[in-house]
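Engineer: Here the sequence shown is numbered in the UniProt record's numbering, starting from 1 and rising by one per residue.
Built from N, CA and C at the ideal position, the CB exists for glycine as well.
Since the structure is predicted, the reported quantities are computational estimates derived from the model, not experimental observations.
Structure provided below as structure tokens; questions to follow.
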Amino acid sequence: MDTANGDLNPPAASQGQRNLKTSVGKILSICDQIAKHQLDPKKFILGFLTLQDTELAYKRRFWGTPDGITSTVTVLNAIRDLVVSQRGGQNAWTDFILQDQRALFIAVGEHYDTRGDKGSSRGFRPRAASLRIAESGEYNGTGSGLSIDGRERLEYLCRERRVLEGSERAVLEAVPDSRSVGLERKKSGGFTRRQAIICLKHDQLSTQERRQLYCNSKKPFLYKLISSKLQANLPQSGDLDSDDDSNSENEGSNDSDSTSGDVDLLNKDASSGILHSEGPEDSDIQINKDVIRKQKYTKRAHAVASAACSMIHYASNRRINGFQLKNSLVFFACGMTERLNNYLHYIGLACSQGVAHSAINSLGLHAEKALQDKFKAPSVFAPLICIDNVDFEEKVHMKSISKKNRAFHGTWGYLHTINPMLLSQVPHEHLSLKCYKDAMREYSKRTIKPAIFFPSVEETIHFKLVMKSQIAHVATKYVTTCTSRIRPVNLDVPPIDPITPSIPDITMLKLMMASDNSSSGIADVLEGITQQANIPPSIFFSELRVLEGDLATCSLIESLRALRRPNNYPHESLENNFTLLGASHVLWNFAQALNLLHHGNNTKSSNTGVWRLLAALGIPSDQPTSKKDFNLMIANMRRVHYATILSMIMATKETSNRILTEEKEEMTPGDIDDLVDKVYEKFMSVNALEKAKEDKDHRLTNLMLQVRDFATVVECDNAMRTGEIGRVLSMWRLWSVMAHSIKGLNKYGIQLPRMLLLLTEALPEGLQKVLRHSLLISPTGRPGHFVAKDFYLELQNYWLKYFFNRTGTGTKILRLVDKISINVPTLQKILRDAQGESGKKQIYQSHKCKMSLVDLNSFLRMAEQYNLCCVKEGRKMKNLKEATTDVLSKGFSSLQEDYACGGIKIQKFNPSTVLDHPDENAGDEGQL
Numbered sequence: 001m002d003t004a005n006g007d008l009n010p011p012a013a014s015q016g017q018r019n020l021k022t023s024v025g026k027i028l029s030i031c032d033q034i035a036k037h038q039l040d041p042k043k044f045i046l047g048f049l050t051l052q053d054t055e056l057a058y059k060r061r062f063w064g065t066p067d068g069i070t071s072t073v074t075v076l077n078a079i080r081d082l083v084v085s086q087r088g089g090q091n092a093w094t095d096f097i098l099q100d101q102r103a104l105f106i107a108v109g110e111h112y113d114t115r116g117d118k119g120s121s122r123g124f125r126p127r128a129a130s131l132r133i134a135e136s137g138e139y140n141g142t143g144s145g146l147s148i149d150g151r152e153r154l155e156y157l158c159r160e161r162r163v164l165e166g167s168e169r170a171v172l173e174a175v176p177d178s179r180s181v182g183l184e185r186k187k188s189g190g191f192t193r194r195q196a197i198i199c200l201k202h203d204q205l206s207t208q209e210r211r212q213l214y215c216n217s218k219k220p221f222l223y224k225l226i227s228s229k230l231q232a233n234l235p236q237s238g239d240l241d242s243d244d245d246s247n248s249e250n251e252g253s254n255d256s257d258s259t260s261g262d263v264d265l266l267n268k269d270a271s272s273g274i275l276h277s278e279g280p281e282d283s284d285i286q287i288n289k290d291v292i293r294k295q296k297y298t299k300r301a302h303a304v305a306s307a308a309c310s311m312i313h314y315a316s317n318r319r320i321n322g323f324q325l326k327n328s329l330v331f332f333a334c335g336m337t338e339r340l341n342n343y344l345h346y347i348g349l350a351c352s353q354g355v356a357h358s359a360i361n362s363l364g365l366h367a368e369k370a371l372q373d374k375f376k377a378p379s380v381f382a383p384l385i386c387i388d389n390v391d392f393e394e395k396v397h398m399k400s401i402s403k404k405n406r407a408f409h410g411t412w413g414y415l416h417t418i419n420p421m422l423l424s425q426v427p428h429e430h431l432s433l434k435c436y437k438d439a440m441r442e443y444s445k446r447t448i449k450p451a452i453f454f455p456s457v458e459e460t461i462h463f464k465l466v467m468k469s470q471i472a473h474v475a476t477k478y479v480t481t482c483t484s485r486i487r488p489v490n491l492d493v494p495p496i497d498p499i500t501p502s503i504p505d506i507t508m509l510k511l512m513m514a515s516d517n518s519s520s521g522i523a524d525v526l527e528g529i530t531q532q533a534n535i536p537p538s539i540f541f542s543e544l545r546v547l548e549g550d551l552a553t554c555s556l557i558e559s560l561r562a563l564r565r566p567n568n569y570p571h572e573s574l575e576n577n578f579t580l581l582g583a584s585h586v587l588w589n590f591a592q593a594l595n596l597l598h599h600g601n602n603t604k605s606s607n608t609g610v611w612r613l614l615a616a617l618g619i620p621s622d623q624p625t626s627k628k629d630f631n632l633m634i635a636n637m638r639r640v641h642y643a644t645i646l647s648m649i650m651a652t653k654e655t656s657n658r659i660l661t662e663e664k665e666e667m668t669p670g671d672i673d674d675l676v677d678k679v680y681e682k683f684m685s686v687n688a689l690e691k692a693k694e695d696k697d698h699r700l701t702n703l704m705l706q707v708r709d710f711a712t713v714v715e716c717d718n719a720m721r722t723g724e725i726g727r728v729l730s731m732w733r734l735w736s737v738m739a740h741s742i743k744g745l746n747k748y749g750i751q752l753p754r755m756l757l758l759l760t761e762a763l764p765e766g767l768q769k770v771l772r773h774s775l776l777i778s779p780t781g782r783p784g785h786f787v788a789k790d791f792y793l794e795l796q797n798y799w800l801k802y803f804f805n806r807t808g809t810g811t812k813i814l815r816l817v818d819k820i821s822i823n824v825p826t827l828q829k830i831l832r833d834a835q836g837e838s839g840k841k842q843i844y845q846s847h848k849c850k851m852s853l854v855d856l857n858s859f860l861r862m863a864e865q866y867n868l869c870c871v872k873e874g875r876k877m878k879n880l881k882e883a884t885t886d887v888l889s890k891g892f893s894s895l896q897e898d899y900a901c902g903g904i905k906i907q908k909f910n911p912s913t914v915l916d917h918p919d920e921n922a923g924d925e926g927q928l
């Protein structure tokens with residue numbers, strides 16, 4: 001007999017002595033019976049599993065079913081253990097597994113032409129034999145026959161493939177209008193797979209779900225094999241710190257970031273069994289870090305395995321390119337060169353740049369359709385339109401008569417759809433165009449008086465609390481520490497009309513090659529918006545439209561409306577819209593004007609203006625302000641303001657040691673409040689200011705006026721960040737008066753009071769609330785992280801220029817208009833998601849005003865040297881400092897004088913004088 005097949009017949013004497021009560025005896029007895037029939041165990045098992053007989057098929061019916069698969073796998077494991085235990089068995093078993101998986105991939109695989117990525121319609125070439133078997137259940141191809149079990153196996157694999165395709169169709173159908181934007185046919189006859197475009201929309205399926213759907217359904221064996229290999233090499237606790245290559249450059253910062261950023265991960269992991277306490281032991285902290293790093297390593301292993309499977313699948317089937325296409329868009333947004341992109345395309349990690357540009361075009365079409373849907377969507381209030389001018393230059397290296405550098409002046413913006421929760425809080429009839437016209441007609445009869453802009457008793461008390469809050473903030477941060485958990489009373493400012501944080505509904509417009517620097521340009525901008533909305537002008541101008549922009553945009557829209565008077569056509573008279581100033585532009589311009597007012601003369605050594613205070617803090621003071629970075633200007637004003645308050649606190653304490661140290665003085669909340677009250681009464685109260693004006697030396701007066709004016713800027717900035725629009729309007733009321741006595745703010749002296757009256761008195765109450773709560777947005781939906789809408793548009797302008805200058809394909813303005821401008825939010829999201837998928841947590845940076853003890857002590861020495869707070873008596877200054885204008889008091893006087901002379905200027909504050917709403921009975925004559 002063949003010993004290789006397991007036929008080793010024992011002696012005849014031993015065959016009759018079998019002990020059938022044991023398992024070994026029973027098995028040996030069965031082997032004896034098999035040998036009598038001229039068979040061996042291998043032939044018996046092979047025949048039992050492969051012979052086509054109904055009785056045998058009935059006996060093996062449970063081998064591949066869920067009820068019997070566990071015992072079947074146990075048999076296979078026993079065979080594997082026996083094979084690999086022998087010499088050469090390991091290689092034989094590895095070859096067997098490799099050949100089996102190779103046959104599996106070929107059986108259900110599809111052969112694609114490598115030109116399929118370039119648009120060849122002949123790229124899809126399924127195996128005819130596999131498809132025929134899947135459809136008819138029998139093999140009709142040439143070659144040797146196929147057994148029933150082999151055919152059943154192929155049918156099962158094809159069924160799995162159909163299930164996968166059904167799940168892909170479900171992903172496609174989850175996104176509306178995917179057919180119209182996903183499948184783009186080129187003139188050459190090629191296609192871009194729709195799934196590759198739709199996979200970029202993360203609102204339907206998360207990255208983890210799509211990864212599991214792709215890898216567990218298409219290549220589960222390869223995916224699990226690679227991930228198991230990587231997880232088998234998981235480092236020990238001591239080696240986890242050196243696992244990530246990104247930590248090698250800056251271990252300290254990354255360590256702290258990972259520890260602080262992974263607290264949420266530990267809190268979400270309920271199965272980890274980690275208990276949190278206020279004072280954890282060192283061993284607990286080490287265990288927590290080990291768990292976090294192991295989770296990160298496991299996540300990275302799965303990411304690498306899925307990427308490897310995707311690369312292999314893409315190399316054999318270039319129509320399955322969702323992962324590669326997304327990478328191509330990331331590389332496009334980052335400005336990767338074409339040479340490097342070609343290499344990544346060669347190894348299957350990215351698509352070609354041509355396909356990436358096709359994807360950008362498809363995403364642009366989808367964004368245009370979404371924009372039109374926003375305009376056409378039924379709503380009680382139309383979306384707000386925020387616009388701003390954008391300037392670009394198309395540079396040409398090899399110039400000629402027909403090719404030269406060209407500057408383009410365009411306009412860009414976005415739609416802000418109001419939160420439905422906010423709309424549900426107001427009467428819908430207040431948001432109609434008819435109610436708006438009636439309110440303007442009624443308000444036109446009102447006489448504007450200066451008393452409207454005088455602060456009320458409540459506003460005066462509130463501003464006093466604002467000043468005390470700023471003093472308490474500086475005191476608790478740099479001078480004192482509270483001995484109790486009870487916060488000082490003066491530390492918090494009472495909220496006024498806070499906005500509920502929520503992620504805004506923003507839809508970008510396409511860049512329009514029309515400048516808003518003239519009345520005709522504004523007309524082109526409005527026409528361009530109408531064309532993008534894809535609705536007739538008669539319908540577009542029949543609804544109430546609110547536009548937001550800077551001062552120039554608002555003024556030019558009013559100029560265009562004035563040029564078209566009288567006009568009974570709504571689309572020409574612009575009677576259905578009005579404008580609002582951007583909150584950030586108001587803050588920037590008033591901050592710049594106040595900074596210039598108190599800057600001082602840096603050519604005089606005895607001058608103690610803002611320039612000297614900046615120099616004491618180590619901030620360059622040659623240029624009083626920079627129009628290129630308003631945020632830096634406001635940050636410097638905040639530093640000067642806090643440092644000045646600090647010097648007032650040190651002067652009030654009357655201590656001999658005026659140098660700050662790391663150790664702060666311990667004080668109770670009551671003592672801190674008393675200190676704050678003393679500082680306020682000595683330097684910031686109305687009585688202190690009136691008393692200081694009596695002195696011929698105006699140093700103290702100028703310092704008090706500077707602190708008061710800078711306090712309005714700091715308060716407005718703080719209120720905008722926290723989303724308390726009531727506090728912002730309180731500062732705008734003061735600025736409306738100051739604008740009439742500050743050089744360079746003449747137009748703001750008209751536009752800002754007019755907008756203030758619109759938001760507080762003229763408009764219907766429901767419309768007032770909707771517009772007030774829409775001036776600020778929280779892009780991430782987090783409280784305390786609000787920004788103005790025009791500031792958000794400035795950020796988008798930065799991203800627009802970033803993508804435009806880093807694409808590596810030249811500065812073609814049409815590419816900017818058609819491809820990039822409308823896809824800026826999508827490209828931003830792709831970059832953010834790339835960071836999240838790489839295992840890093842998205843950290844939102846919040847800019848804080850930080851000053852070191854070295855800077856503050858330098859400022860205090862300067863204040864001591866120049867007697868900044870005028871606390872030293874008996875020392876006379878040779879050159880008396882010139883008095884700074886009290887812009888608030890002078891502004892009040894200017895308004896009163898104008899009203900006494902007939903109110904020619906103050907009557908321009910009435911919104912109805914600009915918003916031309918003719919009375920139906922009066923015809924074209926007169927204005928409301």
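1) Whose CA, out of S605, A593, V824 and E575, lies closest to the CA of K437?
2) Run through the DSSP bridge pairs and tell me what L415 is partnered with.
3) May I ask you to report which of helix, strand or coil DSSP gives C334?
4) Nearest to E654 by CA position, among L675, L700 and I634, is which residue?
5) Under the three-state reduction of DSSP, which class applies to R194: helix, strand or coil?
6) DSSP has H409 in a bridge; who is on the other side?
7) Which class does V493 belong to by DSSP, given the choice of helix, strand or coil?
8) For I320, which residues from the same chain have a beta carbon less than 7 Å from its beta carbon, with the 5 sequence-adjacent residues on both sides left out?
9) Figure out for me which residue from H357, T553, S852 and A788 has the closest Cα to the Cα of G723.
10) Enumerate in chain order the residues of its own chain whose CB-to-CB distance from R446 is below 8 Å, with the five nearest sequence positions on each side excluded.
11) Could you check where the beta strand (DSSP E) with L544 kicks off and where it finishes?
12) Quick check on A788: does DSSP put it in helix, strand or coil?
13) What does DSSP give as the partner residue(s) for I777 in the beta ladder?
14) Can the beta-carbon of F892 be found less than 7 Å from the beta-carbon of V640?
15) Let's test the definition: count the other Cβ atoms within 10 Å of the Cβ of V24 and tell me whether it reaches 16, buried, or not, exposed.
16) Can you list, in chain order, the residues of its chain whose CB lies under 8 Å from that of I634, leaving out five sequence neighbours each side?
17) Work out the CA separation of R485 and Y792 for me, nearest whole Å.
18) Going by DSSP in three states, P669 sits in which element: helix, strand or coil?
19) Which of the three DSSP states is assigned to C482 in this structure?
20) Exposed or buried, which one is V728 when buried takes at least 16 other CB atoms within 10 Å?
21) On the three-state DSSP scale, how would you describe L763?
22) Could you tell me the distance, in whole angstroms, from the CA atom of N77 to the CA atom of S85?
23) Leaving out the 5 sequence neighbours to the left and right, which residues in its chain are closer than 6 Å to Q896 when beta-carbon positions are compared?
24) Around the C-beta of residue 935, are 16 or more other C-beta atoms found within 10 angstroms, so that it is buried, or is it exposed?
25) Can you give the Cα-Cα distance for C869 and G744, rounded to whole angstroms?
26) Do L594 and D695 have their C-beta atoms within less than 7 Å of each other?
27) Can you give the Cα-Cα distance for F408 and V824, rounded to whole angstroms?
28) Are G582 and D629 touching if we call contact CB-CB under 7 Å?
29) Quick one: Cα of K369 to Cα of Y414, how far?
30) In the DSSP assignment, what are the bridge partners of P498?
31) Would you say the region 744-754 touches the region 539-558, given that touching needs at least three Cβ pairs under 8 Å?
32) Determine the direct distance from the alpha carbon of S358 to that of G89, and round the result to whole angstroms.
33) Span of the alpha helix (DSSP H) holding R551?
34) According to DSSP, N577 sits in a beta bridge with which residue or residues?
35) Straight-line CA distance for V355 to N327?
Structural biologist: The answer reads as follows:
1) E575
2) I385 and T507
3) helix
4) L675
5) Residue placement at R194 cannot be trusted, given a pLDDT of 43 that sits under 50; what the coordinates show is reported in the next sentence. The answer is helix: DSSP assigns R194 an H, G or I state.
6) Bridge partners of H409: D391.
7) coil
8) H313 and Y314
9) A788
10) N910
11) Careful: L544 lies outside any beta strand (DSSP E) and carries neither H nor E.
12) strand
13) BP columns for I777 point to V787.
14) no
15) exposed
16) L587, W588, A591, V713 and D717.
17) Distance between Y792 and R485, taken at the CA atoms: about 37 Å.
18) helix
19) strand
20) Buried is the label assigned to V728, since at least 16 other Cβ atoms lie within 10 Å of its Cβ.
21) coil
22) 12 Å
23) Once the five neighbours on either side are set aside, the close Cβ partners of Q896 are P450.
24) Because residue 935 is not part of the residues shown, which for the chain are 1 to 928, the question remains open.
25) 30 Å
26) no
27) 19 Å
28) no
29) 14 Å
30) E724
31) yes
32) Near 52 Å, if we compare the C-alpha coordinates of S358 and G89.
33) It is Leu, not Arg, that sits at residue 551 in the sequence shown. That run of the alpha helix (DSSP H) goes L551 to L563.
34) R545
35) Each residue's CA atom was taken as its position, placing V355 and N327 some 11 Å apart.
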